[in-house]
Amino acid sequence: MQRFQFTCLDPRKKKRATIARVLSESGPIHWRKLAPLSLRSWPETAKVAQEALEMSKDRGASGFAQALHLWLLKLQYNGARAYFTKHADQVAVCWNGLNGTRRVFMQGAKAAGAKTLFFELGPFPGRITVDPQGVNNASCLPRDIAPYADWYHTAEKRNWRDIKGQIKQRSALRDAEVLDAPPLSDPFIFVALQTPGDSQLRLFGGNFPTVPILIDAIAKAAKALPEGWHIRIKEHPTAPESFAAQIQSALPGKVFLDNANDTFSQVAASRGVVTVNSSVGLEAMFYDKPVVACGQCYWAIDGVALRAPDTVALTALFAAPETLSFSTKARDAFMSFLDQVYYPSIEGEPPFALIAQRLSDSDTSGIWRRKT
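Just so we're aligned, residue 1 is where the sequence shown starts under UniProt numbering, counting upward by one.
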């Protein structure tokens with residue numbers, strides 16, 4: 001097995017243990033508590049640092065604090081790029097890497113020509129994301145079905161739906177409101193809200209970067225629903241704030257709040273699921289439901305899911321909800337790849353054999369070197 005050397009921006013203890021479990025069999029890991037710094041700038045320094053700041057949840061409370069944060073990000077990008085220019089044989093590793101220090105660290109490594117690995121917990125229980133390009137929508141996963149179909153043609157045919165029984169409900173932070181909605185047996189579309197401020201909304205929400213914006217769009221689009229249909233909205237179980245009042249007043253008689261029934265009961269009874277880019281969209285595929293993505297996400301692939309990037313598209317889908325559909329063949333190929341290859345298990349034997357191909361210079365699958 002090919003050996004590598006890794007330089008990892010040290011995460012918290014539990015995440016460090018996960019990274020070590022996956023990588024330790026393939027080579028030494030150098031843990032860095034702090035990102036390297038350098039005053040020497042590159043032409044890309046200002047742009048990369050500004051993007052990292054804009055993607056950060058905590059940018060600084062004042063203009064001075066933001067300026068100081070930006071200055072530090074520039075030094076960190078310069079330092080990472082200088083370090084990996086001198087150590088191009090090292091693989092840069094971090095957890096998440098979408099914003100702030102971790103983003104400039106990884107972008108500096110990429111600019112220096114070093115290989116990279118981004119870690120994150122996977123959406124399937126006991127699974128891990130290890131991607132050479134990024135996580136979630138920033139991943140290397142192709143956005144068309146062809147590479148997955150090619151892989152699936154010769155792959156072992158397992159039942160990816162077996163994962164369904166392993167997925168558990170999240171515990172709610174608050175008691176559910178008294179339910180005032182039609183029965184689950186009536187035809188409805190289920191809308192799964194995300195946690196307000198969720199990085200997936202902020203970074204990849206597209207036209208729907210906040211929960212209130214999505215609720216407003218749902219209410220406008222719901223006017224096009226046929227007679228007898230309704231929208232059922234559930235807030236995220238761990239959301240620190242509630243938008244119940246906005247939901248309940250959005251479009252009475254068509255849009256209903258249902259925090260009482262659990263997520264998967266509503267998914268199972270629905271005729272389709274709408275989300276910006278929540279993992280509930282992926283989980284709904286285990287129930288063989290049509291799924292609509294309103295934001296940017298790696299699973300919004302033709303045949304696998306539908307897309308509604310704006311209110312106009314959402315309205316068109318709501319006007320003919322009985323036509324919501326998906327391709328079973330496309331889903332089988334895509335979900336089987338996620339199950340068998342993309343999300344290795346963090347239990348049992350270290351899964352680095354599945355990871356090595358992601359660092360290979362001779363990838364022929366058309367998957368691991370997707371261009372951004």
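Just so it is clear, CB atoms sit at the ideal spot from N, CA and C, and this is done for glycine as well. Values in this document were obtained by computation on a predicted structure and should not be read as measured data.
Residue i, buried or exposed, once every other Cβ within 10 Å from all chains shown has been counted against 16
i, result
"phenylalanine 64", "exposed"
"arginine 307", "buried"
"asparagine 78", "buried"
"aspartate 332", "buried"
"glycine 228", "exposed"
"glutamine 2", "exposed"
"alanine 61", "exposed"
"leucine 324", "buried"
"arginine 103", "buried"
"phenylalanine 4", "buried"
"lysine 371", "Confidence in lysine 371 is poor, its pLDDT being 48 and thus under 50, which makes the residue's placement unreliable; the coordinate value appears in the next sentence. So lysine 371 counts as exposed."
"histidine 153", "exposed"
"tryptophan 71", "exposed"
"arginine 40", "exposed"
"aspartate 131", "buried"
"asparagine 159", "exposed"
"glutamine 90", "buried"
"asparagine 200", "Checking the sequence, you will find glutamine at residue 200 rather than asparagine. Per the 10 Å Cβ criterion, buried."
Any non-hydrogen atom of the ligand COA closer than 7 Å to residue i Cβ
i, result
"alanine 181", "No copy of the ligand COA occurs in the structure displayed, which carries no ligand at all."
Cα-Cα separation between residue i and residue j, rounded to whole angstroms
i, j, result
"alanine 109", "lysine 86", "11 Å"
"tryptophan 42", "valine 312", "42 Å"
"phenylalanine 362", "proline 237", "The amino acid at residue 362 is misidentified as phenylalanine; the sequence shows serine. C-alpha separation (whole angstroms): 44 Å."
"glutamine 66", "lysine 115", "30 Å"
"cysteine 140", "glycine 295", "17 Å"
"alanine 217", "proline 240", "22 Å"
"glycine 197", "phenylalanine 243", "13 Å"
"aspartate 339", "alanine 82", "37 Å"
"leucine 53", "proline 28", "31 Å"
"lysine 33", "leucine 9", "6 Å"
"arginine 127", "alanine 35", "28 Å"
"proline 11", "asparagine 96", "10 Å"
"glutamine 248", "aspartate 258", "10 Å"
"glycine 281", "serine 38", "42 Å"
"glutamine 357", "isoleucine 367", "10 Å"
"alanine 268", "lysine 254", "20 Å"
"leucine 179", "alanine 260", "6 Å"
"isoleucine 189", "lysine 223", "13 Å"
"threonine 263", "glutamine 76", "42 Å"
"glutamate 347", "glutamate 44", "40 Å"
"valine 304", "alanine 46", "38 Å"
"glycine 206", "methionine 285", "22 Å"
"tyrosine 287", "lysine 168", "14 Å"
"alanine 316", "phenylalanine 208", "17 Å"
DSSP beta-bridge partners of residue i
i, result
"histidine 30", "Thr7"
"lysine 115", "Val91"
"aspartate 131", "Phe118"
"lysine 234", "Ala192"
"alanine 293", "Thr275 and Arg307"
"leucine 257", "Ile233"
"serine 345", "Arg127"
Helix, strand or coil at residue i according to DSSP, with G and I counted as helix
i, result
"threonine 210", "coil"
"lysine 168", "coil"
"phenylalanine 243", "coil"
"glutamate 44", "coil"
"glutamate 156", "coil"
"glutamine 340", "helix"
"tryptophan 368", "coil"
"asparagine 99", "coil"
"glutamate 51", "helix"
"glutamate 227", "coil"
"serine 185", "coil"
"lysine 220", "helix"
"tryptophan 299", "coil"
"arginine 143", "coil"
"leucine 354", "helix"
"alanine 61", "coil"
"glutamine 2", "coil"
"leucine 251", "coil"
"phenylalanine 326", "coil"
"aspartate 150", "helix"
"arginine 12", "coil"
"serine 24", "helix"
"glycine 197", "coil"
"leucine 37", "coil"
"glycine 205", "coil"
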